[in-house]
Every structure is written in structure tokens, then in C-alpha cells.
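Here is the structure we will look at, set down as C-alpha cells.
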Amino acid sequence: MTAVSPTERNFAAIWRDQPACRDFFAVQGLPQPESAKTPQAYFATLDADMLAEAGTTRLELADRFERFIEALGHLDTGPEAVSSLTVLGGRDKLGRPEILELTLTPGDVVALVGPTGSGKSRFLADVEWLAGGDTPTGRRVLLNGIPANAAKRLSVAGRLVAQLSQNMNFVMDMAVGDFILAHAESRLLPDAAAAADEVVELANKLAGESFDAATPLTALSGGQSRALMIADVARLCASPVVLVDEIENAGIDRRQAISLLTGSGKIVLVATHDPLLALVAARRLVFAAGAVAAVIETSATERRSLEALAALDAKLSLAREDLRRGREVAFPKECA
């Protein structure tokens, strides 16, 4: 059977598989084709004025378009696959060796716990930088069992690792929907509009106060901004590693946020002071003096305690909501 050339399909099929092909016609200053037409039929109907404006011929345009489609097919739209991330210990603030060999795989959640200043943020920075023994801690980070070379660290690290910091404010004068749609389109998704709608919907499930696609980015609260970015990272971001710094301060549904991120098959590291988040993780790294002092597996007893803590947290959340709405705070009977 003879293979069908990409340009022998109609534009409806081309738009479905490679929506970015629409950009070709905008760049050339040509009208957008009708969905039912094939490229051959479209280029055959271009009049002399259009060709003169484009400064080319029908044959050359058709050849350019075919090469454009071929180039899109080879475009790297995401980072390389990461089957494992390994952190090898360095040294603490006093220069003592850090005994650590931590290997994570997609879907893993690890909590980073310890007092403020104990080294949690530095650990996240080492992972983000794909450290190669060249940071203050001397740690090394391996991808799929091997070090990242210098070129990869500079050109790809930003795509391999997504970070959600505790301070997040938008300065762009855009509506939420337009901003997320632009990201969805940049990912070359077949239905970018539907993907953007899903992100906004998910963000509203996380946020304490709802917003919609028409809301200006600059009007979002800190919690709404964080909810939007978590939903965006979970659904649109191709980065396989996500670093989260003190998500409990964002005023969002923290457990659902972590579940959303890990459900997308990402490796998630969370620096936190929140026992709920720490116990959701299968493991937690305990920091002291700038290094990992212990790696603790979450026990079955702790998981049972998690449910009791979650129930108490729900009551605290209701009390906070009562305060926000100007209602009298209900006092739980068991606390009397």
C-alpha cells in the first residue's frame, strides 16, 4: 500500500494532527484554507495578486508547506523521558559528609521537612540545577542513572524541572483563559481550547475562592495564582520533575493538589511544615544543618493518623471560612 503524503489530506485532518500548521499561512500572509480542501487544491486556487504579495509561486509554496509539516513532525515539543532521578549526598554546613543515595521514579512524592534554614530550599535548588558537585552542598543529581552534561543543564534543565515557589504573582495584563490557552497552543495540543478549559476548571477545585477564564491574571489572589499554576503544571507542563515549596501557605486544597500532580506521572518533591502533606508522601527527608539527616518511610500507623489529622484540618478550614464570611465560628464539641 502506498503511503499517503501529508499534503494529500484535507486541512481538517491536518489541523487535527498538527494544529500549528495554521501558522504557516499567517506568516505567509495568506488566507486560512477551508477545512474541506487539500493543500493541492488550495494552492491551485491562489490568484496572481496573492502570489505576488507572497513573492513566490504555487509550486514553491506547496513545497514550503510540505517541508513545514515534515519539520513539525520532528519538532521536540517536550523534555527527554526521565525514568529515574537520583540525588547523591554532598556535605552539610560544617563540611561533614551527607550520607544519601535517593532514587525517585515517576509518580513518587517525597516530603522535605525540617526547621527553617535547615537546607530544604537548597536541596530543591540542587535538583533544579541538576547539580554536578558544583553547588555549595557538593551534591550530584543523576538522570536515568547518569550525570547531566553541561549543555543539557543549560539548555534543557528548565524543561526537565518545573518549580512552584511560595511567592507567586502575575504581572502580565492578560485574562486567565488567554494565558492558559497560549500555553496549551505552545504545546501543540490537538484541542488547545479544551485543555485550557480543563486547567481553569481544575484550578477552581483547588482554590478557596472561584474565578473564571475572563478574570485578569493580576486580579488573582496568591492562592488562586498557585492553584492555577498547579493545574497548569499537572495538565500542560511536560516537565517530569516538579518542585513545590511550602504549598500549605497558598490557601488551597493541598492534598488534592499533590494528588493532581502525582496523577500526571511526575516526580514531586515538596518542602513543607504541614504534617498532612508530609504524611501523604511515601518518604520524607529530614533536614538538619544543611543536609539530609534521615530518610523516613511513612508507616501504616502514620497513614492511619493522617485520616484523623485530615478530619481536624477540615474543621479548621470550616472555621477559617466562617471567619471569612463573617459568621460565628462553630466550636467542635470534641474540643470543648
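Residue 160 is where the sequence shown starts when you use our numbering, and the numbers rise one by one after that.
All C-beta atoms in this analysis are idealised placements derived from N, C-alpha and C, irrespective of residue type, glycine included.
No experiment lies behind these values; they were computed from the predicted model shown.
Item: Within the segment 366-410, ranges of the alpha helix (DSSP H) (whole runs, at least 4 residues); Value: 381-394
Item: Start-to-end residues for the alpha helix (DSSP H) that takes in Thr421; Value: 413-422
Item: Member of Glu212, Leu301, Ala378, Leu189 whose CA lies at the smallest distance from the CA of Tyr201; Value: Leu189
Item: Beta strand (DSSP E) segment containing Gln322, residue limits; Value: 320-323
Item: Alpha carbon of Val286 to alpha carbon of Leu436, nearest angstrom; Value: 20 Å
Item: Buried versus exposed, by CB contacts within 10 Å (16 or more), Arg299; Value: buried
Item: Buried or exposed by the 16-neighbour rule on C-beta atoms within 10 Å, applied to Thr431; Value: buried
Item: Cutoff 6 Å; reference Pro306; Cβ partners in own chain excluding five residues on either side; Value: Gly291
Item: Glu167 versus Asp350: straight-line alpha-carbon distance, rounded; Value: 22 Å
Item: Host beta strand (DSSP E) of Leu247 (start-end); Value: 244-247
Item: Gly276 in three-state terms, based on DSSP; Value: coil
Item: Residue range of the beta strand (DSSP E) that includes Thr262; Value: 260-263
Item: Where the alpha helix (DSSP H) containing Phe202 begins and where it ends; Value: 198-203
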